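A quick write-up on the structure given underneath.
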Amino acid sequence: MSQASDHWFIRLPNGHVLRAVNTLIVRQQVALGKIPPNSSVRRSPDEEWIALEWTREFAELVGPLLAARAEKSTAAADESVDLGADVRSVPDAAEAGGLSARLDPTRLPTVGVRGMMHELLAALDATLVRKKLATAALAGLCSGAVLAAARLPLLEIEGKTPWVRWIAAGVVLLVIVNAGAGLITRMTVLELSRMRPARWRESVTGLAATTFRMAVAQVLTMGIAGCLIAMQRYLPGLLIEATPGGRDTAAAAAVLAAGGMLFQVVLWPVFVVALLLPPILVVENCSVGKALTQWLRLLRMDLGRVFLYEALALGLGLAATLLLALPWLALVSYQPQPELQPAVRFTGMVLAGLALAPLLAYLVVANVFIYINLRYESAPVSRR
Numbered sequence: 000m001s002q003a004s005d006h007w008f009i010r011l012p013n014g015h016v017l018r019a020v021n022t023l024i025v026r027q028q029v030a031l032g033k034i035p036p037n038s039s040v041r042r043s044p045d046e047e048w049i050a051l052e053w054t055r056e057f058a059e060l061v062g063p064l065l066a067a068r069a070e071k072s073t074a075a076a077d078e079s080v081d082l083g084a085d086v087r088s089v090p091d092a093a094e095a096g097g098l099s100a101r102l103d104p105t106r107l108p109t110v111g112v113r114g115m116m117h118e119l120l121a122a123l124d125a126t127l128v129r130k131k132l133a134t135a136a137l138a139g140l141c142s143g144a145v146l147a148a149a150r151l152p153l154l155e156i157e158g159k160t161p162w163v164r165w166i167a168a169g170v171v172l173l174v175i176v177n178a179g180a181g182l183i184t185r186m187t188v189l190e191l192s193r194m195r196p197a198r199w200r201e202s203v204t205g206l207a208a209t210t211f212r213m214a215v216a217q218v219l220t221m222g223i224a225g226c227l228i229a230m231q232r233y234l235p236g237l238l239i240e241a242t243p244g245g246r247d248t249a250a251a252a253a254v255l256a257a258g259g260m261l262f263q264v265v266l267w268p269v270f271v272v273a274l275l276l277p278p279i280l281v282v283e284n285c286s287v288g289k290a291l292t293q294w295l296r297l298l299r300m301d302l303g304r305v306f307l308y309e310a311l312a313l314g315l316g317l318a319a320t321l322l323l324a325l326p327w328l329a330l331v332s333y334q335p336q337p338e339l340q341p342a343v344r345f346t347g348m349v350l351a352g353l354a355l356a357p358l359l360a361y362l363v364v365a366n367v368f369i370y371i372n373l374r375y376e377s378a379p380v381s382r383r
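Take 0 as the starting number for the sequence shown in numbering that gives the first Met the number 0 and just add one per residue.
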């Protein structure tokens with residue numbers, strides 16, 4: 000069986016769902032005790048969950064583990080009766096911190112806003128990893144440098160077409176941001192599915208294709224929303240300029256401007272909820288079309304929870320990264336001599352990209368947690 004068709008979904012006793020790339024990894028994690036023997040597995044979201052002990056690939060491995068657990072429980076019960084002691088089962092990983100703590104099969108998930116904050120705090124903990132922060136910092140520095148270069152004085156050959164450099168800067172920025180976000184997303188998914196730190200080699204495998212699909216998906220969502228917002232803002236003015244002095248034209252432009260404001264209120268949230276597309280593309284390993292379909296289905300089913308999740312994630316991310324951005328905010332008041340302004344502006348844009356890097360990293364990681372929680376952990380079986 001090829002590795003592409005050897006994926007497994009593992010549901011732990013507490014309801015958490017993991018995804019493994021092949022059978023060997025599942026067997027290793029079961030043998031190490033990281034996957035409880037009373038877990039369930041399936042190949043695809045369309046299949047029913049099957050207990051590990053009833054699965055051909057894991058039956059001979061899980062049977063002895065279940066027998067040993069039963070003997071241990073019986074011995075503990077006998078000791079409690081004989082000694083009158085208060086014997087309680089304490090998990091081996093109860094003191095474990097970091098990402099593996101949320102996979103503890105003895106902990107029940109918390110519902111409501113408290114459960115959301117638990118997931119987002121776990122995402123913040125998973126963000127504070129050197130590899131992810133370094134990736135975000137590099138992407139932020141490069142993005143700031145691209146924007147700063149686009150604002151430099153025009154070259155002589157660009158006098159008639161100044162918009163060319165902004166189109167080029169937008170394309171380069173799209174590639175940089177999606178490459179950084181794609182790498183961080185792949186790291187997070189690997190950590191959650193394999194329950195160990197992600198390695199560089201496995202994280203960058205297939206990154207080019209992931210970056211391309213993410214860029215296309217963002218253009219089809221954020222790009223179209225941005226074009227519609229810009230069109231709505233310029234259209235009333237163009238209408239007035241086309242027929243100056245007409246009362247009917249002015250009234251139509253006013254109605255168009257007022258209606259456009261309501262239209263923008265609907266479109267601006269697209270820039271936030273579109274952050275769910277990278278984890279969909281990486282977790283499901285699907286095409287852009289299927290990712291957009293799954294994205295729209297998720298919004299239709301859980302629009303309220305998605306908005307609340309994203310609002311909490313944005314607030315927590317801003318609160319966590321505000322202190323890092325304070326030095327850059329202090330530089331805003333610096334007013335150098337006119338001769339030094341180009342160099343100061345260039346450096347300020349680069350530093351701004353670096354200051355926003357931790358927020359970018361956290362939002363990417365948080366949306367992986369949000370998608371997995373909404374798609375697999377808290378959704379009813381009929382909607383998975």
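Cβ atoms here follow ideal geometry from the backbone N, Cα and C, with glycine treated the same way. Nothing here was measured: the structure is a model prediction, and the numbers come from that model.
Between the Cα of residue i and the Cα atoms of the options, which residue gives the shortest distance?
i	options	result
V331	L350, I371, R232	L350
R42	K33, G32, R55, A30	R55
L429	L373, L362, A241	For the chain, the structure presents residues 0 to 383; residue 429 sits outside this window and is missing.
W165	S286, V145, G181, D301	V145
L132	A257, P341, P357	P357
T346	V174, I279, I223, C141	C141
V188	L17, M300, L65, L137	L17
L395	R193, S192, I183, A148	Any question about residue 395 goes unanswered here, given that the chain covers just 0 to 383.
S192	N21, A249, E46	N21
T204	E338, I183, T220	I183
R195	I369, I34, W7, L373	I34
L137	A354, N284, V367, V364	A354
C226	A241, A197, F262	F262
R113	T220, E240, R304	R304
A208	M348, Y333, M221, G181	G181
L65	T242, A197, A30	A30
K130	E190, P63, L151, R150	E190
R296	Y370, V128, T134	Y370
Which of the three DSSP states is assigned to residue i in this structure?
i	result
S39	strand
I239	helix
L127	coil
L17	strand
I49	strand
N284	coil
G32	coil
L182	helix
Y333	coil
P277	helix
R296	helix
R101	A caution first: R101 carries a pLDDT of 48, below 50, which makes its placement in the model unreliable, though a value can still be read off. Three-state result, R101: helix.
W267	coil
L120	helix
R113	helix
D77	Residue placement at D77 cannot be trusted, given a pLDDT of 45 that sits under 50; the coordinates are not used to answer.
D91	For D91, the predicted structure reports a pLDDT of 39, less than 50, and the residue's modelled location is therefore unreliable. A value from the coordinates is still provided. If DSSP states are grouped into helix, strand and coil, D91 belongs with coil.
M194	coil
L151	coil
P63	helix
P326	helix
Which residue marks the beginning of the beta strand (DSSP E) containing residue i, and which one marks its end?
i	result
F8	7-10
For the alpha helix (DSSP H) containing residue i, name the first residue and the last one.
i	result
R200	199-203
E56	Segment: none, E56 is in no alpha helix (DSSP H) and carries neither H nor E.
P341	340-371
V215	206-217
If I measure Cβ to Cβ from residue i and keep anything under 6 Å in the same chain, skipping five residues before and after, which residues do I get?
i	result
A61	Looking at the sequence shown, residue 61 is not Ala but Val. Once the five neighbours on either side are set aside, the close Cβ partners of V61 are P36, L51, E52.
I223	none
G316	L358, Y361, L362
V271	E309
F57	L51
P326	none
E118	F368, N372
R87	Its pLDDT being 37, under 50, R87 is placed unreliably in this model, and the coordinates cannot settle the point.
N366	L274, L275, P278
F306	none
Take residue i and list the residues in its own chain whose beta-carbon comes closer than 8 Å to its own, dropping the five residues that flank it on each side.
i	result
D5	V20, N21, T22
S39	I9, R10, W48, I49, A50, L51
Give every residue of the same chain whose Cβ lies closer than 7 Å to the Cβ of residue i, excluding the five residues on either side of it in the sequence, and list them in chain order.
i	result
R216	According to the sequence shown, residue 216 is Ala rather than Arg. Correct list, in chain order: L276, L280, V287, A290, L291.
A319	L123, Y361
A252	P235, L238, I239
L322	none
T126	A360, Y361, V364
Taking CB distances under 8 Å as the criterion, tell me whether residue i reaches chain C.
i	result
M300	The chain inventory of the structure shown lacks chain C, comprising one protein chain alone.
Exercise. Pair every Cβ in the stretch 340-347 with every Cβ in the stretch 254-268, then say whether three or more of these pairs are closer than 8 Å.
Key: no
Exercise. Specify whether the stretch 177-197 and the stretch 208-224 touch according to this definition: at least 3 beta carbon pairs, one from each stretch, less than 8 Å apart.
Key: yes
Exercise. Report yes or no: do the stretch 266-276 and the stretch 286-304 share at least 3 C-beta pairs separated by less than 8 Å?
Key: yes
Exercise. Pair every Cβ in the stretch 258-268 with every Cβ in the stretch 223-241, then say whether three or more of these pairs are closer than 8 Å.
Key: yes
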